[in-house]
Structure formats: C-alpha cells, structure tokens
Amino acid sequence: MDSTARIMRAVANLTRSWYLRCGHWLQGLPVSPLLIAAVVMLPVGVVSSALLTPTRQIWIHLWDTLLPEMLSNTFVLLPGVGVGTFLLGTGLAWLMVAYRFPGQTVLNWLLVLPMAVPTYVLGFVYMATFDFAGPVQSILRQWFGQNIWFPEIRSGGGAILVMVLVLYPYVYLLAKAGFYEQSGATFEEVRVLGYSRAESFFRIALPLARPSIVAGLTLAMMEALTDFATVRFFNFPTLSDGVIRIWHGMMDLRAASELSGLLVIFVLLIILFGRSLRGRSRYYQLGGKVLGIPPVNLRGWKRWFATSTCSLVVAVAFALPVMQLFHWALIEITRTPAEAISVYLGLTFNSLLLSVLAAGFATAIAMILANGVRLSEGRVARTAAHLATMGYAIPGAVIAVGILVPLSTLDHTINDLLQSWWGITIGLIFTGSVVGLTYAYVVRFMAVAYNSVESSLEKITPNITMAARTLGASPWKLLWRIHLPLVGPGMFVGASLVFVDVMKELPITVMLRPFGYDTLAVWVWQMAAESIWAGASLPALIIVIAGLLPVILLIGAATPKRSK
C-alpha cells in the first residue's frame with residue numbers, strides 16, 4: 001500500500017508539473033479546428049494507410065487485369081484535359097478582355113453556362129448524338145453512303161472533348177480575372193517598344209496571368225481525375241472508374257482502398273505539376289493608373305469570326321445539349337403515365353434531402369471552423385483549417401472508400417458488442433446510410449462552404465470581436481450573437497454552392513447510398529448506361545437547372561469593373 005501511494009503521489013507530482021509547464025499552451029489550443037480537421041481528414045488517412053501497407057496478391061491481380069489500361073488512360077486523360085482547357089479557356093478569356101466585337105456583353109456570361117452541365121450529362125448526350133446509331137452518323141450514311149468515315153466517339157478522344165467543353169470555364173474565369181488585373185500602362189509601354197498585340201500577349205500578358213491560369217488548370221484536371229461515369233460511357237476506364245468497378249464487381253474493400261491510395265498520388269502529382277508551372281517566379285503589378293488591358297475594336301471579318309467562335313462554343317457545350325434534353329424530356333413526359341411520374345418525384349425528393357442535409361451540416365461546421373480560426377489567430381488553427389478543406393482536392397471515390405472502412409468497422413464493433421451482451425444483431429447502421437452519405441459530402445465540399453463563410457467573416461472588423469470578448473462574451477456566445485448574424489449572406493452562398501454540388505455528385509452517392517435509394521444523378525447514370533436516353537433526360541435536366549444557381553452567382557463577379 002505504501003509503495004502504491006508513493007507511485008500515485010509521484011504520478012500526481014509529474015502531472016502537476018507538466019500541467020504548470022504546458023497548461024497555458026493547452027488553454028490556447030484551438031480545439032474545434034483541430035477536431036473538425038481530424039474528422040474531415042480521417043477518410044484520406046485511412047486510404048493513405050492502406051497504400052502504405054500494400055497487399056501483394058491484390059496488386060498482382062490488378063496488374064494482370066485492368067490496372068495497366070487504367071493507368072495509361074489516366075496519363076492520357078489528364079494532359080489532354082489540361083491542354084484542351086488551357087487553349088480554349090485562355091483563348092476565350094483573352095478574346096473577351098483584349099478585343100471588342102458584336103454580342104460580346106452577352107457572350108461574356110454565356111460562356112460560363114457549361115459549368116452547369118455535369119460531365120456525365122454532356123457525355124451521354126454526345127454519345128447518343130454522335131454514336132454509330134445516333135442521328136448524326138445515320139444522316140451522314142444516308143447522304144454519303146454506308147462507308148462514310150466518322151471519328152469514334154466511344155474513345156479517349158471523345159471523353160477528353162466532353163470534359164474540355166464542361167471544364168474550360170474554370171480556366172476561362174480565372175484567366176480573365178488575371179488579364180483584367182494587369183496594368184494597362186505596362187501593356188501599352190510594351191506596344192510602344194514595337195511589339196505586336198500577339199507578341200505582347202505571349203511576352204507580357206500570358207506570363208503575368210500564369211498563376212491564375214495554373215489554378216484553373218489544376219481545378220479542371222482534378223475534376224477530370226474524379227470522374228468515372230463519363231469515361232465509362234466512352235469505354236475509356238481510368239483509376240476512378242477502377243475503384244467503382246472493384247467495389248461493385250468484387251466487393252473487395254481492401255483492393256478498393258489500395259487503388260484509391262493510387263488516386264491520392266495522382267492528386268499530389270497534379271498539385272506538384274501546378275506548382276512547377278509557377279516555378280520560383282513572382283508576379284507583381286507595380287503602379288499603373290489604368291487597370292486592365294485596353295481593348296481594341298475588331299473590324300471586318302475578324303469581328304464576326306470572334307462572335308461566331310464564342311457562339312459556337314456556347315452552342316456545342318450548352319445550348320444544343322440542353323435543347324436535346326428538353327426534346328427527350330418532352331417525349332418522356334408525354335408517354336409516361338401520370339402515376340409513374342411519382343418515380344421522378346421520389347428521385348427529386350431524395351436528391352433534395354441529401355443536398356439540404358449536406359449543405360446545412362457543411363455550412364454549420366464551416367462557421368464553427370472559421371470562428372475558431374478567427375479567435376485563435378494562430379498557426380495551428382490555420383493549418384487545421386487548411387487540412388479540413390483538402391477534401392475538395394480528393395476524388396469522390398477515394399473519400400467514399402475512406403469512409404466505408406471506419407463505418408463498416410464501427411458497425412461490426414456495435415454488432416459484436418450487442419451479440420456478446422444481449423445475443424442480438426441489428427445489422428448495418430452507418431454503412432450504406434444517409435449518415436454516411438452526409439459525412440462524405442461534408443468532407444468533399446467543406447472547402448466550398450468554408451471559403452464563402454471565411455470571406456464574409458473577414459469583412460467583420462476585429463474591433464467588434466475584441467469588444468465582445470472584453471465584455472465577457474464566451475466564444476460560443478460570440479459566434480451565436482455577433483458573428484452568425486453578420487455572416488448570414490456568406491453562409492447562404494456557401495450553402496447554395498454545396499447544395500448544387502451534392503445534386504451533381506455521383507461517385508460518393510453510387511458507393512455509399514442505402515440499398516434502393518436512388519437520386520437524380522444515380523438515375524441518370526443507370527439509364528444512360530442502358531442507353532435509355534429519354535429516361536435519363538428529365539433527371540439530367542433538373543440537375544442542369546439546379547446547376548445554373550452557382551453560375552448565376554458567378555456571373556456577377558465574372559467581369560471586374562474597369563477603371564475610367
């Protein structure tokens with residue numbers, strides 16, 4: 001007893017000494033940002049740990065089957081999308097900033113509309129239109145005979161084309177902002193030195209806009225990496241498609257986890273590629289009374305060529321696909337019995353429910369995270385916030401697999417405990433549930449909600465926060481009484497963006513949804529996979545209409561005002 005008492009006193013003394021040394025640091029530790037970051041980063045950590053402990057038999061089997069093809073297709077897809085979005089997005093942005101031509105004001109925001117169309121929606125519309133049995137090739141065979149040549153749409157080239165048409169607005173918007181921010185005086189000085197407008201673009205405008213363009217390219221390539229439905233439609237399997245195939249075909253969670261880890265490596269490669277494009281250069285704008293490159297009025301055939309080019313992009317990337325969806329949807333509605341419309345209503349309700357839940361939780365957690373960072377004002381809190389928003393850079397299939405592992409473990413643990421205590425088993429609780437889906441959506445789209453909330457929170461002067469703390473307001477009271485009412489508009493924007501992203505999200509929904517729980521996106525994928533175009537059109541049209549919401553929010557900020 002005496003020895004035990006001495007040990008306990010020694011432990012108490014050590015604890016007291018350690019607390020006196022570290023207690024001040026612990027009190028200032030940003031608990032909420034760290035906790036949120038840990039929960040959000042858990043799926044990525046699970047997948048990364050699986051890659052660090054590879055299973056030899058799994059990789060041998062993958063290498064003997066689809067892995068070489070998936071790797072080669074991924075290496076083709078990413079550069080193809082990167083080059084295509086760079087050429088189209090940067091070219092259109094320069095045309096809008098540096099020149100004046102008929103219809104430019106309207107086309108300026110029409111060129112953003114393709115962002116509202118998910119890649120898998122445009123993919124099945126193009127496949128139905130340009131495939132061998134589609135109307136385009138059928139008409140060509142009638143006019144020019146059965147041996148007329150037409151490029152194969154079900155190929156890597158077709159998948160890259162579709163993704164470029166949907167993803168180029170990422171580069172277009174950021175490149176246009178980069179051009180607008182440049183000093184007009186600097187550009188005119190270069191022109192005085194004898195450079196043509198084209199030479200000034202390559203020597204001055206393009207290098208100065210490089211950080212913005214690289215950011216857009218990184219986003220576009222990450223979106224291409226996470227897609228699985230489009231590449232499957234076009235018979236061009238990539239790593240994201242491979243994760244879905246392994247989970248649905250083999251139900252092998254370990255194999256899916258290790259292949260998802262390979263996807264994480266590709267994400268890191270894309271990030272490193274973007275940083276390497278920037279290099280060690282720094283891009284500063286010094287002086288200049290005129291903001292923005294002075295535009296030139298195009299004349300003659302050039303002005304109409306510019307209008308036609310922009311109109312053609314809008315037509316093939318948005319107008320024609322949406323018109324085709326409207327046509328199919330009208331056919332589907334006229335031949336569908338009234339009682340069968342309830343199927344579409346159920347799909348819409350499921351999508352709305354998931355979107356509302358994810359938007360609400362993501363925005364609320366983002367507000368707590370941003371408030372914790374603001375109150376802490378330390379490097380630890382900022383690092384935690386950065387980690388908590390990394391899910392947007394991770395493919396949906398990786399997040400889904402990373403959540404399946406802990407949720408399935410939790411379900412088995414609960415059932416084992418119930419079996420040992422009361423002899424009952426209740427089955428899966430979290431795996432394949434709305435809870436797991438909502439968790440995955442929050443992980444995936446936390447960055448969208450956090451950026452909107454943080455930008456609004458930064459507009460609140462620190463004096464208000466300091467005054468409230470001086471009067472004795474606790475952090476939670478400060479959040480509820482002061483910050484929350486002032487950040488309402490930013491929270492609404494963030495919730496709206498998350499809402500639309502969840503409406504369109506496919507990989508996470510396919511892998512984690514409850515049995516028999518279909519959404520609009522899942523229905524589009526299933527119907528398109530069976531070539532039932534009319535059946536997929538109405539849900540796809542609803543998704544596109546919902547996707548117009550963030551585009552409308554972007555249009556207001558798409559064109560910065562020029563200085564007079």
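In full-length UniProt numbering, the protein residues as written are 1 to 564. C-beta atoms are modelled at their ideal positions from N, C-alpha and C, and glycine is treated no differently. Every value quoted in this text rests on a predicted model; they were computed, and no experiment measured them.
I'd like to check one pair, SER257 with VAL47: are the Cβ atoms closer than 8 Å? Yes. Within cutoff.
*Are there 16 or more other CB atoms within 10 angstroms of the CB of GLY516, so buried, or fewer, so exposed?*
It is exposed - the Cβ of GLY516 has fewer than 16 other Cβ atoms within 10 Å.
- Mind checking ARG275: buried by the 16 CB within 10 Å criterion, or exposed? Counting C-beta atoms within 10 angstroms of its own C-beta, ARG275 has fewer than 16 neighbours from the protein chains shown and is therefore classed as exposed.
Looking only at its own chain, which residues have a Cβ that is under 6 Å from the Cβ of LEU110, when we skip the five neighbours before and after it?
Excluding sequence neighbours, LEU110 sits near VAL314.
Quick check on DSSP: helix, strand or coil for TYR170? If DSSP states are grouped into helix, strand and coil, TYR170 belongs with the helices.
Margin query: Considering just the uninterrupted stretch of the alpha helix (DSSP H) at PRO135, what are its terminal residues?
Written below: Taken as a continuous stretch (DSSP letters only), the alpha helix (DSSP H) holding PRO135 covers 135-144.
### Message
Measuring alpha carbon to alpha carbon, tell me which residue in THR230, LEU161, VAL136 and ILE160 is nearest TRP149.
### Response
The alpha carbon of TRP149 has as its nearest neighbour, out of THR230, LEU161, VAL136 and ILE160, the alpha carbon of VAL136.
Query raised in the report: From the beta carbon of LEU407, is the nearest beta carbon of chain C less than 8 Å away?
Result: This model lacks chain C altogether, as it is built from one protein chain only.
Margin query: Let me confirm a value: VAL373 is counted as buried when at least 16 other C-beta atoms fall within 10 Å, else exposed. Which label applies?
Written below: The residue is buried, with at least 16 neighbouring Cβ atoms inside 10 Å.
Q. What is the DSSP secondary structure of ARG100, counted as helix, strand or coil?
A. Residue state, collapsed to three classes: strand.
With VAL398 as the anchor, note down where its alpha helix (DSSP H) starts and where it stops. In the DSSP assignment, VAL398 falls within the unbroken alpha helix (DSSP H) covering 396-422.
If you run the structure through DSSP and keep just helix, strand and coil, what is ASN451? Residue state, collapsed to three classes: helix.
Note to self: Pop quiz: MET446 and ALA366 are said to be a contact at Cβ under 8 Å. What is the actual Cβ separation, rounded to whole angstroms?
What the structure shows: Distance from MET446 to ALA366 at the Cβ level is roughly 6 Å; contact confirmed, criterion being Cβ atoms closer than 8 Å.
- Message: Which residue wins for smallest C-alpha separation from LEU161, given the options SER138, TYR180, PHE124 and PHE144?
- Response: Per the Cα distances, PHE124.
Check your understanding: Helix, strand or coil for VAL296 per DSSP?
Key -> The answer is strand: DSSP assigns VAL296 an E or B state.
query = When you compare only the Cα positions, how much space is there between LEU272 and GLU339?
reply = Here the alpha carbon of LEU272 sits roughly 53 Å from the alpha carbon of GLU339.
*asked:* For the alpha helix (DSSP H) containing ASN73, name the first residue and the last one.
replied: ASN73 -> alpha helix (DSSP H) spans 67-85.
Q.
Just verifying my parser: in three-state terms, what is the DSSP assignment at GLY432?
A. Coil, per DSSP.
**Request:** Just mark ASP64 as buried or exposed, buried being the case when its beta carbon has 16 or more other beta carbons within 10 Å.
**Result:** It counts as exposed.
TODO: Identify which residue in ASN235, LEU77 and LEU262 has its Cα closest to the Cα of THR53.
DONE: From the listed residues ASN235, LEU77 and LEU262, the smallest Cα separation to THR53 is found for LEU262.
Taking the alpha carbon of LEU277 as the reference point, which residue from THR218, ARG203, PHE430 and ILE368 has its own alpha carbon closest? Ranking the options by Cα distance to LEU277, first place goes to THR218.
### Message
Quick check on the DSSP output: the alpha helix (DSSP H) that includes TYR126 runs from which residue to which?
### Response
From DSSP, the alpha helix (DSSP H) with TYR126 extends over 119-130.
Next item on the list: Using alpha carbons as the reference points, say which of ALA229, PRO294 and PRO33 lies closest to ALA205.
Entry: Nearest option by C-alpha distance: PRO294.
If you draw a straight line from the alpha carbon of LEU548 to that of GLU223, how long is it in whole angstroms? CA-to-CA, the gap between LEU548 and GLU223 works out to about 18 Å.
| task | Check MET222 in the structure and name its three-state DSSP category. | result | Helix.
message: Which of the three DSSP states is assigned to TRP149 in this structure?
response: Three-state result, TRP149: coil.
Assuming ALA449 and ALA362 make a contact with CB atoms under 8 Å, what is their CB distance in whole Å?
-> ALA449 to ALA362, Cβ: 4 Å. Contact.
Among the residues of its own chain, which have a CB less than 7 Å from the CB of ASN350, if the five just before and after it don't count?
Closer than 7 Å at Cβ, skipping near neighbours: TYR517, ASP518 and THR519.
| task | Write down the C-beta distance between ILE213 and THR90 rounded to the nearest angstrom, noting that I regard them as a contact closer than 8 Å. | result | So it is a contact: roughly 6 Å between Cβ atoms.
Check your understanding: What residue range is occupied by the uninterrupted alpha helix (DSSP H) comprising ASP252?
Key -> Segment: none, ASP252 is in no alpha helix (DSSP H) and carries neither H nor E.
**Q.** Limits of the alpha helix (DSSP H) - the one that MET527 falls within
**A.** Per DSSP, the continuous alpha helix (DSSP H) segment holding MET527 begins and ends at 520-529.
- [ ] Tell me whether GLU258 sits in a helix, a strand or coil according to DSSP, three-state version.
- [x] Three-state DSSP puts GLU258 in a helix.
From this set, GLN419, GLY535 and PRO395, which residue's C-alpha is nearest TYR441's C-alpha? From the listed residues GLN419, GLY535 and PRO395, the smallest Cα separation to TYR441 is found for PRO395.
inquiry  = Can you give me the C-alpha to C-alpha distance between ALA540 and LEU345, rounded to a whole angstrom?
reply    = Those two C-alpha atoms are separated by around 13 Å.
Please report the distance separating the alpha-carbon of ARG444 from that of LEU417. Rounded to the nearest angstrom, the two C-alpha atoms are 31 Å apart.
**Prompt:** The alpha helix (DSSP H) with ARG387 in it runs from where to where?
**Reply:** Position check: residue 387 holds Leu in this sequence, whereas Arg was assumed. In the DSSP assignment, LEU387 falls within the unbroken alpha helix (DSSP H) covering 379-388.
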